[in-house]
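This report concerns only the one structure given below.
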DNA sequence: GTCTATAGTACGATAGAC
DNA sequence: GTCTATCGTACTATAGAC
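Rendered as structure tokens:
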């Protein structure tokens, strides 16, 4: 792995463990056993590192959140989405902790973030509408947008929410599964009788994964 | 107003406007036209200020979130709750932006926060259960806790969520109403046929207030 | 209770040698 | 590509005069 990549990976790890605010460029360099000067050879500044991490974030969602396909079973596609959400919430939770600050410091990153989230919103809303058309959920047109907002809000801020309820100790994988179950509950609240069973099966899948940790 | 109180009020105002991270003790003093030394005469440090603000936060919830009373109409009590939530989300939104950091820096504040949130969780869950018993919503026992988490999550993080969708400009009152409508949508998702009408009325109330801004 | 002045620290970032 | 050394800056917090 190149030094540049190692800096990215170490940054993600340290940001997630100690928080973005607490980790300085010197910490990152020290953690890798390289000099601060070397870090600054590879990155213009701390914001530059954050922009590269955001690119990984975006890339993950771009590759994993394709629209629902008609010829594949819904439940297996939903499972794929939830697996991707798990990775997202696990790998980038530091970002949601300090989102307002990080974006306030870097207007360019903020513009990119907003643009991406607007696109993502439409993609998630499409999924909601397809689930409606397939009879998994029954939701009024105006509520589809509301539900989409709530889904995004929950995925984004479940990790800060749970961290604020814990006296000490790090976030663990079981916490993420708890969050995914909240997302499933959101869908279930709008489920049809037929859809309720399928979502219950999905719920059971992730409850088992949580128990197996 | 005493200097101590003025410092508290100025801090809340500046934190909300520019973010807790961006505002230093010097900024607060300069904003009030007092010296940094004077500020430090009244408060031990920045964390001390934050603890006092948290006391106001707790006090607001303690006085406004009494349990549902049986002899008063439900809808008017819900309206009272939502009015209180509006004040909360409007006055303390800076806190949710940086919650993880603020709590990570101050173990004592974190302990107080956690204890308070645990109590608050039970209070909100009681409200959910009473609404269930009154036939406004119909929710399984296990889902009551899930809904309570989602209600708290939404109230806490709606403001950071909305800030991250806006290129520039401050949070405004209409944004808060949007968040309250999300909370109402959460209740509506579990509403009975009878409850749906009452919640629709509640929704209309806050949509009108939003339009009247 | 309030001021001025400043000590102390930590962080971001760069220059210049190898 | 990597290092050492360091500068400038900004912030927290305190000392001491009034």
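Protein chains in written order, with UniProt numbering: chain A, 1 to 213; chain B, 1 to 213.
We treat Cβ as the ideally placed atom computed from N, Cα and C, and that holds for glycine.
### Message
Taking the beta carbon of residue 16/A as the centre, do at least 16 other beta carbons fall within 10 Å, making it buried, or is it exposed?
### Response
For the purposes of this step, residue 16/A is taken as the residue at position 16 of the first chain. Its Cβ being crowded by 16 or more others within 10 Å, residue 16/A is buried.
### Task
Determine, using beta carbons only, whether residue 28/A and residue 53/A come nearer to each other than 8 Å.
If you number the first chain from 1, residue 28/A lands on position 28. If you number the first chain from 1, residue 53/A lands on position 53. No, Cβ-Cβ distance for residue 28/A and residue 53/A is not below 8 Å.
### Message
For a contact defined as C-beta to C-beta under 7 Å, what are the partners of residue 111/B on chain A?
### Response
The count along the second chain starts at 1 and reaches residue 111/B at position 111. Near residue 111/B (Cβ distances below 7 Å), the residues of chain A are 167.
### Query
Grouping DSSP H, G and I as helix and E and B as strand, with all else coil, what is residue 139/A?
Translated into positions along the first chain, residue 139/A becomes position 139. Residue 139/A falls in the coil class under three-state DSSP.
### Task
Could you spell out the range, first to last residue, of the alpha helix (DSSP H) harbouring residue 36/A?
Counting from one through the first chain, the residue named residue 36/A turns up at place 36. Here the alpha helix (DSSP H) through residue 36/A covers 36 to 42.
### Task
Find out if the Cβ-Cβ distance for the pair residue 21/B, residue 21/A is shorter than 8 Å.
Walking along the second chain from the start, residue 21/B turns up at place 21. Walking along the first chain from the start, residue 21/A turns up at place 21. Yes; because the gap between Cβ atoms is below 8 Å, this pair is in contact.
### Query
Straight-line CA distance for residue 202/A to residue 183/A?
The residue labelled residue 202/A in the question sits at position 202 within the first chain. The residue labelled residue 183/A in the question sits at position 183 within the first chain. Going from the Cα of residue 202/A to the Cα of residue 183/A covers about 11 Å.
#### Entry: Proximity winner among 156/A, 198/A, 100/A, 192/A, relative to residue 90/A (alpha-carbon distances)
On the first chain, position 90 is the one that residue 90/A refers to. Of 156/A, 198/A, 100/A, 192/A, the residue nearest in Cα terms is 156/A.
### Message
If I measure Cβ to Cβ from residue 97/B and keep anything under 8 Å in the same chain, skipping five residues before and after, which residues do I get?
### Response
By 1-based counting over the second chain, the position of residue 97/B is 97. Cβ neighbours of residue 97/B beyond the five flanking positions: 19, 20, 159, 160, 163.
#### Entry: Selection from 67/B, 150/B, 41/B, 56/B that minimises the alpha carbon distance to residue 180/A
On the first chain, position 180 is the one that residue 180/A refers to. Residue 180/A has its Cα closest to that of 150/B, out of 67/B, 150/B, 41/B, 56/B.
### Message
What does DSSP give as the partner residue(s) for residue 191/B in the beta ladder?
### Response
For the purposes of this step, residue 191/B is taken as residue 191 along the second chain, with counting starting at 1. Looking at the DSSP assignment, residue 191/B forms a beta bridge with 137/B.
### Query
What is the DSSP secondary structure of residue 184/B, reduced to helix, strand or coil?
Residue 184/B sits at position 184 when you count from the first residue of the second chain. In this structure, residue 184/B counts as helix in the three-state DSSP scheme.
### Query
Can a CB atom of chain B be found closer than 8 Å to the CB of residue 114/A?
Numbered from its first residue, the first chain carries residue 114/A at position 114. Cβ-Cβ to chain B under 8 Å: yes for residue 114/A.
### Query
Who are the neighbours of residue 135/A on chain B, taking C-beta pairs under 8 Å?
Reading the first chain from its first residue, position 135 is the one you call residue 135/A. Per Cβ cutoff of 8 Å: no residues; residue 135/A is ~17 Å from chain B at best.
### Query
With distances taken from CA atoms, which of 171/B, 142/B, 178/B is nearest residue 146/A?
Counting from one through the first chain, the residue named residue 146/A turns up at place 146. Per the Cα distances, 178/B.
### Query
Between the C-alpha atoms of residue 216/A and residue 99/A, what's the straight-line distance to the nearest angstrom?
In the structure as shown, chain A starts at 1 and stops at 213, and residue 216/A therefore has no counterpart that could be examined.
### Message
Can you confirm whether residue 21/B, when its beta carbon is compared against all beta carbons of chain A, has any partner nearer than 8 Å?
### Response
Here residue 21/B refers to the residue found at position 21 of the second chain. Yes, because at least one Cβ of chain A sits closer than 8 Å to the Cβ of residue 21/B.
### Message
I'd like to know if residue 158/B contacts chain A, where contact means its C-beta is closer than 8 Å to some C-beta of that chain.
### Response
For this step, residue 158/B is matched to residue 158 along the second chain. By this cut-off, residue 158/B is an interface position.
### Residue nearest to residue 71/A in terms of C-alpha spacing, selected from 83/A, 154/A, 119/A, 134/A
Stepping through the first chain from its first residue, residue 71/A is reached at position 71. When each option's Cα is compared against that of residue 71/A, the closest is 134/A.
### Query
With a CB to CB cut of under 8 Å and the five nearest residues on each side skipped, what residues in its chain are close to residue 143/A?
For the purposes of this step, residue 143/A is identified with residue 143 of the first chain, where counting begins at 1. Correct list, in chain order: 190.
### Query
Of all the residues that make up the UniProt domain "HTH tetR-type" (1 to 61) of chain B, which are near chain A by a beta-carbon distance shorter than 9 Å?
18, 19, 20, 21, 22
### Message
My parser needs the alpha helix (DSSP H) runs of 4 or more residues fully inside the region 75 to 115 of chain B; what are they?
### Response
93 to 97, 99 to 105
#### Entry: As assigned by DSSP and simplified to three states, the class of residue 47/B
If you number the second chain from 1, residue 47/B lands on position 47. The answer is helix: DSSP assigns residue 47/B an H, G or I state.
### Query
How many Å lie between residue 30/B and residue 46/B at the Cα?
Along the second chain, read from residue 1 onward, the residue named residue 30/B stands at position 30. Along the second chain, read from residue 1 onward, the residue named residue 46/B stands at position 46. C-alpha separation (whole angstroms): 15 Å.
### Same chain, Cβ closer than 8 Å to residue 102/A, neighbours up to 5 away in sequence not counted
Here residue 102/A is taken as the residue at index 102 of the first chain, counted from 1. Result list for residue 102/A: 20, 50, 95, 109, in chain order.
### Message
Tell me the DSSP secondary structure of residue 176/A in three-state form.
### Response
Locating residue 176/A in the first chain gives position 176, counting from the first residue. Note: residue 176/A maps to helix in three-state DSSP.
#### Entry: Presumed contact (8 Å Cβ cut-off) between residue 114/B and residue 187/B, rounded CB distance
Numbered from 1 along the second chain, position 114 holds the residue referred to as residue 114/B. Numbered from 1 along the second chain, position 187 holds the residue referred to as residue 187/B. Not a contact, Cβ separation roughly 26 Å.
### Message
If distances are taken between C-alpha atoms only, which option among 34/A, 116/A, 2/A, 130/A comes closest to residue 167/B?
### Response
Residue 167/B sits at position 167 when you count from the first residue of the second chain. Answer by Cα proximity: 116/A.
### Message
I'd like the span of the alpha helix (DSSP H) that includes residue 214/B, first residue to last.
### Response
The displayed coordinates of chain B run from 1 to 213. Any statement about residue 214/B would go beyond what the structure contains.
### Query
By the 10 Å Cβ neighbour count, where 16 or more other Cβ atoms means buried, how is residue 106/B classified, buried or exposed?
Mapped onto the second chain, residue 106/B falls at position 106. Burial call: buried.
### Message
Once DSSP output is grouped into helix, strand and coil, what is the label at residue 6/A?
### Response
Your numbering for residue 6/A matches position 6 in the first chain. Of the three classes helix, strand and coil, the one that applies to residue 6/A here is helix, per DSSP.
### Task
Could you give the DSSP three-state label for residue 16/B: helix, strand or coil?
Reading the second chain from its first residue, position 16 is the one you call residue 16/B. Looking at residue 16/B - three-state DSSP - the assignment turns out to be helix.
### Sequence-distant residues of the same chain with beta carbon closer than 7 Å to residue 205/A, five excluded per side
Indexing the first chain from 1 puts residue 205/A at position 205. Only 79 meet the Cβ criterion.
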